[in-house]
Structure formats: C-alpha cells, structure tokens
Amino acid sequence: MECWNCQAETHGAPFCPACGKIGARAPGATWFDVFGLTPTVDVDAAALDAKFRELSLKLHPDRFATADARERRLSLEQTSALNTAYQTLKDPAKRVAYLLSLHGVDLDADQGEGRVTMAPEFLMEIMELREALDGARQRRDLDAALRMAEEVKRRKAAALDEAMAALRTLLSNPDAGEAKRTAAQALGQSRYFARFLQEVEAMEEEALA
65 MECWNCQAET HGAPFCPACG KIGARAPGAT WFDVFGLTPT VDVDAAALDA KFRELSLKLH
125 PDRFATADAR ERRLSLEQTS ALNTAYQTLK DPAKRVAYLL SLHGVDLDAD QGEGRVTMAP
185 EFLMEIMELR EALDGARQRR DLDAALRMAE EVKRRKAAAL DEAMAALRTL LSNPDAGEAK
245 RTAAQALGQS RYFARFLQEV EAMEEEALA
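Under this note's numbering, the first residue of the sequence shown is numbered 65, with each subsequent residue one higher.
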C-alpha cells in the first residue's frame, strides 16, 4: 500500500516509514496487523498492552488537532481500529472467535456457510442445566446455583482450552477441517456456559439486593 503523501510503500503500517505521515489502514488488514503480529492463538498480554499504549499516544487525535482534514480523519480511523483490535485480541474468547472468523466461521450467524450448529446432545444438556437453575431460583436456593456455577466455570475454561488447542492445529495446517470444527464447537460450548454463569450472577445480585 502506498503512502498518500510520498507514495512510498507502507506495508499497512500506521505511519509511513519514509515520510512519517499517518497512513490509512490497508484493505483486508486484520486486527493482528494493527499490532504487527501474525495471526496466533497465544498473544503476549504484557507486550500487547505495551504496544497498545505506545500506539495510543502516537495516534491520539489530539496530536493531529492542527493537521489537515485528511490526517485528522485518519487519526480517528486508526484510533478506532486500534481500540477494536486491542479489545478483540486481549480477550482469549474474543481472540479465538476472531481467528475462527478469519477461517470462515461465524458463531453469531443464523445462516450461511459460516454458521455453527451445536451438537444436539450438548443443547439438551444446556437445557437441563437451565431447568436445574430455574428450580434453584424458584426455591431461592442460591447455594445450589453457586455449586452449579463452579462446575460450569470449570467446563467453560476446559472448552476454551480445547478451542485454543484446535486452533493451534488449524493455524499450522489450514486444511485441518476437523480442527476447525472442533474449535467452533468448543468455543460455542464456552459461550453457552458463559451465558449460564451470567444468569447465576444475576440471581446472586438479586439475593444480595
């Protein structure tokens, strides 16, 4: 991608290496590209935080308050992209979902090729868990709900670990279709467990109100 100011090749960097002008995001750039990373499951959290702080200072719109309209616009666009990239990559579950999206999987899709259909037996298990939680709620049995939550927390963490392991396989072998399916199912399970835990948290807040 060429710099708008001097036409030097920028390779999608936030600033032109030749003239130092702020640049536009390259078409097709990923959130990993924002931080100069290759797509990976395992992100160094401390290094990500440090790079985020560094880029936040360099790209902050206040630094471009007296610049021309183009640079002010690019600063806003780059800052918005930086914030979204950081929020996505710092959270393991969001990072896994994003990596899956780069491989054509969309857990939020209701239809289309990227849609994920959860295993019927898992959905049945979730339904039974919710029924048990409803029973505890009706009995005002917070202790029972918290015991269920402890087990679900363990299973949520295990599901996310499984998704990450499968994604490592997929990233090393893009043709590993089974690894992609495993990662999608495991992340889907983790999301269901997360929603269950939110319900328990809401029940706990009600009890303490």
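Ideal Cβ positions, reconstructed from N, Cα and C, are used throughout, including at glycine.
Note that the coordinates shown come from a computational prediction; the quantities given were computed from them, not determined experimentally.
Please return the same chain residues whose Cβ sits closer than 6 Å to the Cβ of T74, not counting the five positions on each side in sequence.
Correct list, in chain order: M65, C67, C80 and G87.
Quick one: using the 10 Å Cβ neighbour count with 16 as the cut-off for buried, is L121 buried or exposed?
Residue burial is scored here from C-beta neighbours: L121 has fewer than 16 other C-beta atoms within 10 angstroms and is therefore classed as exposed.
Less than 8 Å separating the beta-carbons of L112 and A248?
No, the pair does not count as a contact, with Cβ atoms beyond the cut-off.
When you compare only the Cα positions, how much space is there between L235 and V105?
Rounded to the nearest whole angstrom, the CA to CA distance from L235 to V105 is 8 Å.
Can you tell me where the alpha helix (DSSP H) with Q151 in it begins and where it stops?
For Q151, the enclosing alpha helix (DSSP H) has its first and last residue at A133 to K154.
Grouping DSSP H, G and I as helix and E and B as strand, with all else coil, what is F99?
Coil at F99, not helix or strand.
Distance between beta carbons of A90 and G100, contact taken as under 8 Å
In fact, because the Cβ distance is near 12 Å, the residues do not count as touching under 8 Å.
Sequence-distant residues of the same chain with beta carbon closer than 8 Å to T102, five excluded per side
The beta carbon of T102 is closer than 8 Å to those of F96 in its chain, skipping five residues each way along the sequence.
Counting along the chain, where does the alpha helix (DSSP H) carrying R204 start and finish?
In the DSSP assignment, R204 falls outside any alpha helix (DSSP H) and carries neither an H nor an E.
Apart from the five residues on each side of it in sequence, which residues of its chain come closer than 7 Å, Cβ to Cβ, to A82?
Excluding positions up to five away in sequence, the list reads C67, C70 and A72.
To which residues does DSSP link E192 through a beta bridge?
Looking at the DSSP assignment, E192 forms no beta bridge with any residue, so it has no partner.
Taking all protein chains shown into account, do 16 or more other C-beta atoms lie within 10 angstroms of the C-beta of Q202, making it buried, or fewer, making it exposed?
Per the 10 Å Cβ criterion, exposed.
Do K217 and L261 have their CB atoms nearer than 8 Å?
Closer than 8 Å, so yes.
C-beta contact flag for L146 and F186 at 8 Å
Between L146 and F186, the C-beta spacing is not below 8 Å.
Looking at the strands, I want to know which residues DSSP matches up with E66.
In DSSP, E66 forms a bridge with E73.
Quick check on the DSSP output: the alpha helix (DSSP H) that includes V264 runs from which residue to which?
G241 to L272 is the span of the alpha helix (DSSP H), which, as asked, contains V264.
Whole angstroms are fine: how far does the CA of A110 sit from the CA of K274?
This structure gives no information on residue 274, because the portion of the chain shown stretches from 65 to 273.
If I measure Cβ to Cβ from T233 and keep anything under 7 Å in the same chain, skipping five residues before and after, which residues do I get?
A240 and A243, listed in sequence order.
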